[in-house]
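Colleague: Just so we're aligned, residue 1 is where the sequence shown starts under the UniProt record's numbering, counting upward by one. Handing you this structure, nothing more for now.
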Amino acid sequence: PVPADLDQIPFVPEMTHQTIHRAEKDGYKFLHGAAIIAHNGVLYANWANSPTNENGPHETLQGRRSEDGGKTWSGLEMIGPGFEGPERHSHGVLLKHQGKLWTICSRFGVGQPAKRFPGLQGEAFVLNEKTDQWESKGIVMQNCWPYDEPVRMPDGNLITGGQDQDGLPVVAISHGDDLLHWDTVRIPFPPELSPSFAETTVAVDGKNVRAIIRGGGGTAWVSISQDNGRNWSSARPANLRMPRAKAYLGNLSTGQQYLVSNLKNRDTLVISVSQPGESTLSQMWRIRHGKSEAPRFKGLAKGKQWSYPYAHEYDGKLYVVYSIGKEDCGLSILPVTSLQVGSTAADGGIE
C-alpha cells in the first residue's frame, strides 16, 4: 500500500530538474499541457500559452527546443498561432511518423455547442525540415482533445487518449499510417466516475489497450479494450489514489509500464512502475513534492501545483514535463536505470 505519510515515498534516484519556460510580465502569462519528444537528437517541447486565463481567447500553441539534452532551451516558437475571434489553439501531443515530426493540438471555440469545448477538433502541424517552420495539415480529429503520444496497436493503427467537447473520456484512432484521419471512440463509465474533465491516457498492454481516466472519488479509473480501441470495458475505480488531475501512462524500453500522476493532490507528482513484462504497477517514487512556487500573475484556475505530466523516453532517460502553477513549464529527467523495481521505492499497486 502507498504510505499515508508521503515523505516515506523516496524520490527518484539521480533525478534532475529544469525549467523550460517561465512566464514573463510582457508575455503570455498562462501555460499548461506541455508535451515533449526527441527528434534527430533535438528535444522539442510545446504547450498552451494564453495571455491571461486557461482556455481563454487568443490561446496559442508555443514551444522551445533543446540540442543538449534539456540543459538549455531555444527561444519561443509559435506553432498554433490562435485566432482573433473566439476560436483558439491549445495544447496537444507530439509524435514522429515516417521520419517527420508532427504535433496535433486542440482547437475549439466556434461550432457545435458543448459543455466544455465548443466545436472541439484536432489540428495537425508538421515541421518542414527544409524551412524549419511548422506547417498546418488541417483538421485531423473531430471531438477529441488528444493527451498522450500516439502509440501503435497490434492492428497497426495508432491510438491516443483524450476527452471530448463535453469533458467525457475518449480515444482517437488513426487510419493506419494516415494521420490526417482519426476516429473518436467514447469509453463507457458509471455515474460514480462523475466526469468533469475526464482526461484519458492510454498504453498498449500486450494484445490489449489500457486507459487511465481522470475521475471522481479520489482514485484513478481504468478501462480495458481487447479489440484495438474499438470497444471498452466500463471504467472502474483502481486501487491507486489520484485526484482530479491528468495522468500519463506509458511503456519503458525495459518492458515496464509506468504511470506519472498526482497523488492525493497536485502538491505531489509521482511515478509508479511495473515489473518488466507485467502491467501491475508495483512500486512508486516521488518526482516533485510540496508546494510549488506561487503564480506570479493573475489568471483563472491558477494555483500552486505540479500537474499535467507528459513523458518521453530518450537516450536512457525519461523526460517528464509538467505545469508549475499553470505559468511555467517544468522538466524532470529520470534515469531509466533508477526506475528498476527494487527496495528504494514504495509499494504501489494498480491492476
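For every residue, glycine included, the Cβ atom is placed at its ideal position computed from N, Cα and C.
1. Can you list, in chain order, the residues of its chain with a C-beta nearer than 6 Å to that of G156? Leave out the 5 residues immediately preceding and following it.
2. Under 7 Å Cβ to Cβ from A311, same chain only, skipping five residues before and after it: list those, please.
3. Just to confirm before moving on: does the CB-CB distance between R266 and A23 stay below 8 Å?
4. Count the other C-beta atoms from every protein chain shown that fall within 10 angstroms of the C-beta of E59, then say buried if there are 16 or more, exposed otherwise.
5. Using the Cβ count rule (16 or more neighbours within 10 Å means buried), how would you classify A301?
6. Does the beta-carbon distance from S292 to I271 come in below 8 Å?
7. Buried or exposed for E14, going by 16 or more other Cβ atoms inside 10 Å?
8. Do V202 and G255 have their CB atoms nearer than 8 Å?
9. Could you tell me the boundaries of the beta strand (DSSP E) in which N53 lies?
10. What's the C-alpha gap between P1 and D205?
11. How many angstroms separate the CA atom of R116 from the CA atom of G167?
12. Run through the DSSP bridge pairs and tell me what N128 is partnered with.
13. What is the C-beta distance between V185 and G229, in whole angstroms, given that I count them as a contact (C-beta under 8 Å)?
14. By how many angstroms is the C-alpha of M284 removed from the C-alpha of P10?
15. Q8 by DSSP, collapsed to three states: which one?
16. Thinking C-beta only, is W232 closer than 8 Å to P188?
Modeller: Checking against the coordinates, here is how it stands:
1. G176
2. Y248, G250, V260, L318, Y319 and V320
3. no
4. Buried.
5. exposed
6. no
7. exposed
8. no
9. It is not in any beta strand (DSSP E) - N53 carries neither H nor E in the DSSP assignment.
10. 23 Å
11. 6 Å
12. Q133
13. Under the criterion of beta carbons closer than 8 Å, V185 and G229 qualify as touching, at roughly 6 Å.
14. 8 Å
15. helix
16. yes
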